[in-house]
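S.K.: Handing you a structure now.
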Amino acid sequence: MERITITGGMPLQGEVCVSGSKNAALAIMAGAVLASEPVILHNLPRITDIYTMMAMLRRLGTVVEFIHPRSLLIDASRISYLEAPHNLVTRMRASFSVTGPLVARFGFARVPLPGGCDIGARPVDFHIKGLRLLGARVEMDGDFVTAEAGRLKGNTIYLDYPSAGATQHLMTAAVLAEGTTVIENAAEEPEVVDLAKFLIALGARIDGHGTRRITIEGVSRLRGGEYTIIPDRLEAGTYAIAAAMTRGSVRIVNANAEHMTPVLMKLQEAGVQVEAGETGVHVQLHSRPRAVNIKTMPHPGFPTDMQQPMTALLCVADGVSIVSETVYERRFRYVQELHRMGADIEQENRTAVVHGVERLYGATVQATDLRAGAALVIAGLGAEGDTTIEDVHHIDRGYEDLVAKLQSLGAQVVRLSDEPVASAVEEVPVCSV
Ligand code: UD1
């Protein structure tokens, strides 16, 4: 069993380098299936979700290989198989997003319904509705979705909710469609914008990315090219919150402060000193944080992925914080784990009332999903005594070399595992851009 053990109470000090964005990279890797020539992606994070997407693309007949520790070659010129493997798609929701590119370029895709972190209902109805509006015949048979089309045709697609995944997926489907597609009520997340910029670099014609209306003029093919993925605002946010939790002082190198605005503003409201510069963000706190209220929303609202890490910090804040989760109803499963560490949280449905306590205490806890794992790491870093976090494979999905990065900041943390994770096996420089 893989676990992380943290001896809490050490203030984090120094510099940490943020990796490339997981969520942008996954969408961009799926989008690379559209290109008839090789694509090189820079600033890829070395995390298990990326390895899952690599395996998935290889199974389709795509050549996928690291040509540098963080640069990935994807050559989808000879895709030979249009059915995605069940074991990979059910492991990671983002792999469903190859459906649109496959049907757009080859007229056919058969993909299992997706999996991913168990944080509540994560349907794909917007994705399917959108593909149908673009002219695909989409059938569900058991666990599989089959989509077929001649050339897709542009249309106006209204999303009932600004879903990041559906916006990205439908954007990739529409770039090779005939005519104009308009996505109304589109997601504005930085990862959506990054995907649009990548597709534009390959010859796509997209406008309005970063707003609620995205317009795509279809083109007949996408060429190859090179693209550098944005820094991971969620990883950066995790280190910012960890710095505050330990009353430390950390410079997060490569972090894009603009992408982190909601988290940095809330940290400031809690009394954290934040200095944002061109090359990163400096976060420090030397006293107890103040209680603040959080309500998760689509970007530029407070990100649901940062709800759990932020709640860990609020456990030791001075006062009562109210945390409302409006995106995923099951993103509170970690609360019971925080209780084991002495947190005082009343949680009902989508709301948690966090009564700040003076300190948390080490315990053995379970990571129930990716960001829950990050929250428990943060709690452990601030707690008195030893915390052991089990099921760390969830954390490996989204945090590159978490233990090494925390150790470099002075944390007392070790990973106890029978088998090291792939990213730890190779010598990969921690900071590359
Ligand atoms: C992405 C991120 C995830 C983040 C989430 C919200 C990736 C790989 N993951 O997930 O880290 O927490 O955005 O910022 O990029 N919905 C539907 N029908 C659909 C699609 C979504 O009802 O067809 C709902 C979901 O249940 C959820 C909301 O829309 O309540 C937002 O989901 P969405 O933005 O699509 O999340 P993901 O793209 O899956």
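For the sequence shown, numbering that gives the first Met the number 0 assigns the number 0 to the initial residue and increments by one for each residue that follows.
Ideal Cβ positions, reconstructed from N, Cα and C, are used throughout, including at glycine.
Consult DSSP for His41 and reduce its assignment to one of helix, strand or coil.
M.R.: Strand.
S.K.: Taking 7 Å as the cut-off, is the CB of Pro122 close to at least one heavy atom of the ligand UD1?
M.R.: Yes - the ligand UD1 has a heavy atom lying nearer than 7 Å to the Cβ of Pro122.
S.K.: Report yes or no: do three or more beta-carbon pairs, one from the stretch 239-253 and one from the stretch 44-60, lie closer than 8 Å?
M.R.: Output reads no: the stretch 44-60 does not touch the stretch 239-253.
S.K.: Once the 5 residues before and after Ala316 are set aside, which same chain residues still bring their CB inside 8 Å of it?
M.R.: Result list for Ala316: Ala269, Arg287, Pro288, Arg289, Ala290, Val291, Val353, Gly355, in chain order.
S.K.: So the beta strand (DSSP E) Ile78 belongs to, where does it begin and stop?
M.R.: Unbroken run through Ile78: none, as it is neither H nor E.
S.K.: Enumerate, from N- to C-terminal direction, the unbroken beta strand (DSSP E) stretches of 3 or more residues contained entirely within the stretch 362-426.
M.R.: Those beta strand (DSSP E) runs which fall completely within the stretch 362-426 and span 3+ residues are 363-365, 385-389, 411-415.
S.K.: Does the beta-carbon of Pro302, which I'm using as the reference point, lie nearer than 7 Å to any heavy atom of the ligand UD1?
M.R.: Because some heavy atom of the ligand UD1 lies under 7 Å away, the Cβ of Pro302 counts as near it: yes.
S.K.: Which residues in the same chain have their Cβ closer than 7 Å to the Cβ of Ser162, if we skip the five residues on either side of it in sequence?
M.R.: The answer, listed in chain order, is Phe125, Ala186.
S.K.: Can you find a heavy atom of the ligand UD1 that lies under 7 Å from the Cβ of Glu399?
M.R.: No - the ligand UD1 has no heavy atom lying nearer than 7 Å to the Cβ of Glu399.
S.K.: Alpha carbon to alpha carbon, how far is Ile127 from Arg339? Give it in angstroms, no decimals.
M.R.: Roughly 41 Å separates the two Cα atoms.
S.K.: Write down every uninterrupted run of the beta strand (DSSP E) in the stretch 159-233 whose length is 3 residues or greater and which is fully enclosed by it, in chain order.
M.R.: List check, beta strand (DSSP E) in window: 179-183, 204-206, 212-216, 224-227.
S.K.: Enumerate, from N- to C-terminal direction, the unbroken alpha helix (DSSP H) stretches of 4 or more residues contained entirely within the stretch 279-363.
M.R.: As far as the stretch 279-363 is concerned, its whole alpha helix (DSSP H) runs of at least 4 residues are 306-313, 334-339.
S.K.: Does DSSP classify Ser96 as helix, strand or coil?
M.R.: Note: Ser96 maps to helix in three-state DSSP.
S.K.: Using only CA atoms, which one of Ala34, Pro68, Asp48 lies nearest to Val62?
M.R.: The candidate whose alpha carbon is nearest that of Val62 is Ala34.
S.K.: Indicate whether Ser96 and Gly164 have their beta-carbon atoms separated by less than 8 Å.
M.R.: Contact: yes.
S.K.: Kindly indicate if chain B contains any beta-carbon less than 8 Å away from that of Asp231.
M.R.: No chain B is present in this structure, which holds just one protein chain.
S.K.: With Glu439 as the anchor, note down where its alpha helix (DSSP H) starts and where it stops.
M.R.: Examination of residue 439 is not possible in this model, given that the chain is present from 0 through 432 alone.
S.K.: For Ala359 and Ala378, which I take to be in contact (beta-carbon distance under 8 Å), what is that distance rounded to the nearest angstrom?
M.R.: A small fix is needed here, since residue 359 is Leu in this sequence, not Ala. At roughly 5 Å, the Cβ-Cβ gap stays under 8 Å, so Leu359 and Ala378 are in contact.
S.K.: For Arg45, is the classification buried or exposed, using 16 other Cβ atoms within 10 angstroms of its Cβ as the cut-off for buried?
M.R.: The residue in question, Arg45, is buried, as its Cβ has 16 or more Cβ neighbours within 10 Å.
S.K.: Mind checking Met170: buried by the 16 CB within 10 Å criterion, or exposed?
M.R.: So Met170 ends up on the buried side.
S.K.: Drop a sphere of 10 angstroms on the beta-carbon of Met53, count the other beta-carbons inside from all chains shown, and report buried for 16 or more, exposed for fewer.
M.R.: Answer is buried; the Cβ neighbour count reaches 16.
S.K.: Tell me whether Glu190 counts as near the ligand UD1, meaning its Cβ is closer than 7 Å to at least one heavy atom of that ligand.
M.R.: It does: the Cβ of Glu190 is within 7 Å (strictly closer) of some heavy atom of the ligand UD1.
S.K.: For Ala342 and Phe107, I'd like the C-alpha separation in whole angstroms.
M.R.: So the two alpha carbons sit approximately 51 Å from each other.
S.K.: Just to confirm, does Tyr226 get its C-beta within under 7 Å of one of the non-hydrogen atoms of the ligand UD1?
M.R.: No - the ligand UD1 has no heavy atom lying nearer than 7 Å to the Cβ of Tyr226.
S.K.: Could you tell me the alpha carbon to alpha carbon distance between Leu11 and Gly247, rounded to whole angstroms?
M.R.: Going by the C-alpha atoms only, they are around 5 Å apart.
S.K.: Ser20 and Glu190 - do their beta-carbons sit closer together than 8 Å?
M.R.: Closer than 8 Å, so yes.
S.K.: In its own chain, which residues sit with a C-beta less than 6 Å from the C-beta of Asn42, not counting the 5 before and 5 after it?
M.R.: Gly19, Arg69, Thr227, Ile228, Val432, listed in sequence order.
S.K.: Closest to Thr179 by C-alpha separation, out of Glu147, Thr214, Phe197, would be which residue?
M.R.: Among Glu147, Thr214, Phe197, the Cα nearest to that of Thr179 belongs to Thr214.
S.K.: Rounding to the nearest angstrom, what Cα-Cα distance links Ala195 and Gly372 in this structure?
M.R.: Straight-line Cα distance between these residues: approximately 30 Å.
S.K.: Could you check the C-alpha separation between Ala135 and Ile73 for me, to the nearest Å?
M.R.: So the alpha carbons of these two residues sit roughly 26 Å apart.
S.K.: Relative to the C-alpha of Gly207, which candidate in Thr166, Glu383, Leu337 has its C-alpha closest?
M.R.: If we check each option's Cα against that of Gly207, Thr166 comes out closest.
S.K.: Provide the residue span of the alpha helix (DSSP H) that contains Asp124, from first to last.
M.R.: Note, Asp124: alpha helix (DSSP H), 124-132.
S.K.: Would the beta-carbon of His126 be found less than 7 Å away from any heavy atom of the ligand SAM?
M.R.: The ligand SAM is not among the ligands present in this structure, which contains only the ligand UD1.
S.K.: Should Val326 be listed as close to the ligand UD1, given that the test is whether its C-beta is under 7 Å from any heavy atom?
M.R.: Checking every heavy atom of the ligand UD1 against the Cβ of Val326, one is found closer than 7 Å.
S.K.: Can you tell me whether Asp142 is helix, strand or coil according to DSSP?
M.R.: In this structure, Asp142 counts as coil in the three-state DSSP scheme.
S.K.: When we look at the beta-carbon of Ile118 and count the other beta-carbons within 10 Å, is it buried (16 or more) or exposed?
M.R.: Residue placement at Ile118 is flagged as unreliable, the pLDDT there being 47, under the threshold of 50; the coordinate-derived value follows with that caveat. Ile118 comes out buried.
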